[in-house]
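**Student:** I have a structure I would like to understand better, so I am pasting it below and will then ask my questions one at a time.
Number of protein chains: 2
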Amino acid sequence: MEPQNGRPLTGWRVYAQIADVLREQIASGHFPAGGALPSELALSGQFRVARTTVRRALAVLRDEGLIVTIRSKGHVVKGGIETLAYRHEVIADDLRAQIHRGELTAGAMLPSEASLRQRHSASRTTVRHALSALEREGLIVSEQGKGRFVCPATG
Amino acid sequence: MEPQNGRPLTGWRVYAQIADVLREQIASGHFPAGGALPSELALSGQFRVARTTVRRALAVLRDEGLIVTIRSKGHVVKGGIETLAYRHEVIADDLRAQIHRGELTAGAMLPSEASLRQRHSASRTTVRHALSALEREGLIVSEQGKGRFVCPATG
DNA sequence: AACACGAGACGTCCCCAGACGTCCCAAGTC
DNA sequence: GACTTGGGACGTCTGGGGACGTCTCGTGTT
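These protein sequences, in sequence, are chains A and B. 1 is the number of the first residue of the first sequence in my numbering; add one for each residue after it. 1001 is the number of the first residue of the second sequence in my numbering; add one for each residue after it.
Below, the structure is given as structure tokens:
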């Protein structure tokens, strides 16, 4: 796509025009709910305007409640589904749930970093990010060369 | 060191200023050729700037051909000497050479992981990394509990 | 003068990929 | 039992790259 090809979109309140185009594309389902819009840089390229202008347009949509913007993720179209969280939070939530459901009892060994990495198709760094969060919460402990284990109920 | 102590280095094109400082230190021999610069994280701390800014500065030096950056090793100063390789590659090269020189003939048992570990003062993991590379190349085979042996000349 | 816009530089965060190190527990061989 | 290899855990260090956030100049329109 490239809504305004040859016309560099001059005139008054370009950002408002861009907001209109995006609003229309969202309404038409061109950008599915729950998905992210193109990055600010990409949009600034497509519309042939400065990033600042794009941001102004996005701010309008955000004020209208059409999108939510998430740092380092992008501008996500609001929909029935809740806004997707960060990968490391998803992993942490998954483990937390397993512990609370009793699928992982106190003293049990958690899945290894490698298997979690597989399960969530994430990098080891991200997995460890999630794990260290649980460790900070006192839910689990880790032992060199052995693995990570669920702490006895602390609450 | 800490080139800009109290002065947080504000102004136009901070990254260019950082590049200048580093370029000067390289020229003065402060960072010997073949050696690595401080890590991006360390530099960002020393100059009191974000890692992104440091990376921009380093990109300048890289474009100038002053340094080469090696993943998981760092940014090393270009010099007469070739860029140092990874430990596991050094070990693999060493063994390959011994085989090709005939010091290790077909059927002979290779030095054990422990002795290689000593010889190159590397971790067992790294030694095994090198060994498995040679195994993939079909140069050697390993037998449980016995040792690793040189394959009959395959090429 | 007020506003809209352009163009950067810089910051912070999230995620990725890899090398290297430590450890532990096996299961074979001699 | 002392030696080997096999294989798996976690820990810590590198660099690579992308997203949004913030700020500050300058310029042109109204």
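Glycine included, each C-beta is placed from N, C-alpha and C at the ideal position. Being a predicted model, the structure only gives us computed values, none of them experimental.
Using the Cα positions of Gly65 (chain A) and Arg23 (chain A), report the straight-line distance between them to the nearest angstrom.
**Tutor:** As a first step, residue 65 (chain A) must be located in the first sequence, where it is residue number 65. As a first step, residue 23 (chain A) must be located in the first sequence, where it is residue number 23. One C-alpha to the other measures close to 11 Å.
**Student:** Please go through the same chain and pick out, in chain order, the residues whose beta-carbon is closer than 8 Å to the beta-carbon of Ala1016 (chain B), but skip the five residues on each side of it.
**Tutor:** Position 16 of the second sequence, counted from the start, is the residue given in the question as residue 1016 (chain B). Answer for Ala1016 (chain B): Ala1057 and Val1060, listed in chain order.
**Student:** What three-state label does DSSP hand Glu137 (chain A) in the structure shown?
**Tutor:** Here residue 137 (chain A) refers to the residue found at position 137 when the first sequence is read from its first residue. Residue state, collapsed to three classes: coil.
**Student:** Starting from Gly45 (chain A) and walking both ways along the alpha helix (DSSP H), at which residues does that stretch end?
**Tutor:** To locate residue 45 (chain A), count along the first sequence from 1; it is residue 45. Run containing Gly45 (chain A): Glu40 to Gln46, per the alpha helix (DSSP H) assignment.
**Student:** Put Ala36 (chain A) into one of helix, strand or coil per three-state DSSP.
**Tutor:** Residue numbering aside, residue 36 (chain A) sits at position 36 when the first sequence is read from its first letter. Looking at Ala36 (chain A) - three-state DSSP - the assignment turns out to be strand.
**Student:** So what does DSSP say about Thr1069 (chain B), is it helix, strand or coil?
**Tutor:** The residue you call residue 1069 (chain B) lines up with position 69 of the second sequence. Here Thr1069 (chain B) sits in strand by DSSP.
**Student:** Applying the 10 Å Cβ sphere with the 16-neighbour rule, what's the burial state of His1088 (chain B)?
**Tutor:** Residue 1088 (chain B) sits at position 88 when you count from the first residue of the second sequence. Buried, since its Cβ has 16 or more Cβ neighbours within 10 Å.
**Student:** Are the CB atoms of Leu1134 (chain B) and Cys1151 (chain B) within a distance shorter than 7 Å?
**Tutor:** Here residue 1151 (chain B) refers to the residue found at position 151 when the second sequence is read from its first residue. Here residue 1134 (chain B) refers to the residue found at position 134 when the second sequence is read from its first residue. Cβ distance not < 7 Å, so Cys1151 (chain B) and Leu1134 (chain B) don't count as in contact.
**Student:** Out of A:Ala153, A:Gly34 and A:Val77, which one is the CA nearest neighbour of Arg101 (chain A)?
**Tutor:** Sequence index remark: in the first sequence, residue 101 (chain A) carries index 101 (1-based). For the residues A:Ala153, A:Gly34 and A:Val77, the minimum Cα distance to Arg101 (chain A) belongs to A:Ala153.
**Student:** Could you give the residue range of the alpha helix (DSSP H) that holds His1088 (chain B)?
**Tutor:** Along the second sequence, read from residue 1 onward, the residue named residue 1088 (chain B) stands at position 88. Element bounds for His1088 (chain B): Arg1087 to His1100.
**Student:** Which residues in the same chain have their Cβ closer than 7 Å to the Cβ of Val1014 (chain B), if we skip the five residues on either side of it in sequence?
**Tutor:** One-based indexing of the second sequence puts residue 1014 (chain B) at position 14. Excluding sequence neighbours, Val1014 (chain B) sits near Val1049 and Thr1053.
**Student:** Given a threshold of 16 other Cβ atoms within 10 Å of its Cβ, counted over all protein chains shown, does Ala1114 (chain B) qualify as buried or as exposed?
**Tutor:** By one-based count along the second sequence, residue 1114 (chain B) stands at place 114. When all chains shown are included, Ala1114 (chain B) counts as exposed.
**Student:** Based on Cα-Cα distance, which residue from A:Pro38, A:Val127, A:Gln98 and A:Glu103 lies nearest to Gly74 (chain A)?
**Tutor:** Translated into positions along the first sequence, residue 74 (chain A) becomes position 74. Nearest of A:Pro38, A:Val127, A:Gln98 and A:Glu103 to Gly74 (chain A), Cα basis: A:Pro38.
**Student:** Please classify Val141 (chain A) as buried or exposed, where buried requires at least 16 neighbouring CB atoms within 10 angstroms.
**Tutor:** As a first step, residue 141 (chain A) must be located in the first sequence, where it is residue number 141. Looking at its Cβ environment, which holds fewer than 16 other Cβ atoms inside 10 Å, Val141 (chain A) is exposed.
**Student:** Just how far apart, CA to CA, sit Arg1148 (chain B) and Tyr1086 (chain B)?
**Tutor:** If you number the second sequence from 1, residue 1148 (chain B) lands on position 148. If you number the second sequence from 1, residue 1086 (chain B) lands on position 86. Approximately 22 Å, taken between the alpha carbons.
**Student:** If you draw a straight line from the alpha carbon of Ser123 (chain A) to that of Leu110 (chain A), how long is it in whole angstroms?
**Tutor:** Here residue 123 (chain A) refers to the residue found at position 123 when the first sequence is read from its first residue. Here residue 110 (chain A) refers to the residue found at position 110 when the first sequence is read from its first residue. Those two C-alpha atoms are separated by around 17 Å.
**Student:** Is Asn1005 (chain B) helix, strand or coil by DSSP?
**Tutor:** For the purposes of this step, residue 1005 (chain B) is identified with residue 5 of the second sequence, where counting begins at 1. For Asn1005 (chain B), the predicted model reports a pLDDT of 36, less than 50, meaning its position is unreliable; a value from the coordinates is still stated below. Of the three classes helix, strand and coil, the one that applies to Asn1005 (chain B) here is coil, per DSSP.
**Student:** Determine the DSSP secondary structure at Arg165 (chain A), reduced to helix, strand or coil.
**Tutor:** With chain A running from 1 to 155 in the structure shown, residue 165 (chain A) is simply not present.
**Student:** Starting from His129 (chain A), follow its DSSP beta bridges and name the residues at the other end.
**Tutor:** What you label residue 129 (chain A) is simply residue 129 of the first sequence in a count that begins at 1. His129 (chain A) is not bridged to any residue.
**Student:** At the level of alpha carbons, what is the spacing between Gly1107 (chain B) and Val127 (chain A)?
**Tutor:** As a working note, residue 1107 (chain B) is residue 107 in the second sequence. As a working note, residue 127 (chain A) is residue 127 in the first sequence. Computed Cα separation, rounded: 44 Å.
**Student:** May I have the straight-line CA-CA distance separating Val21 (chain A) from Ser1132 (chain B), to the nearest angstrom?
**Tutor:** Counted from its first residue, the first sequence places residue 21 (chain A) at position 21. Counted from its first residue, the second sequence places residue 1132 (chain B) at position 132. So the two alpha carbons sit approximately 56 Å from each other.
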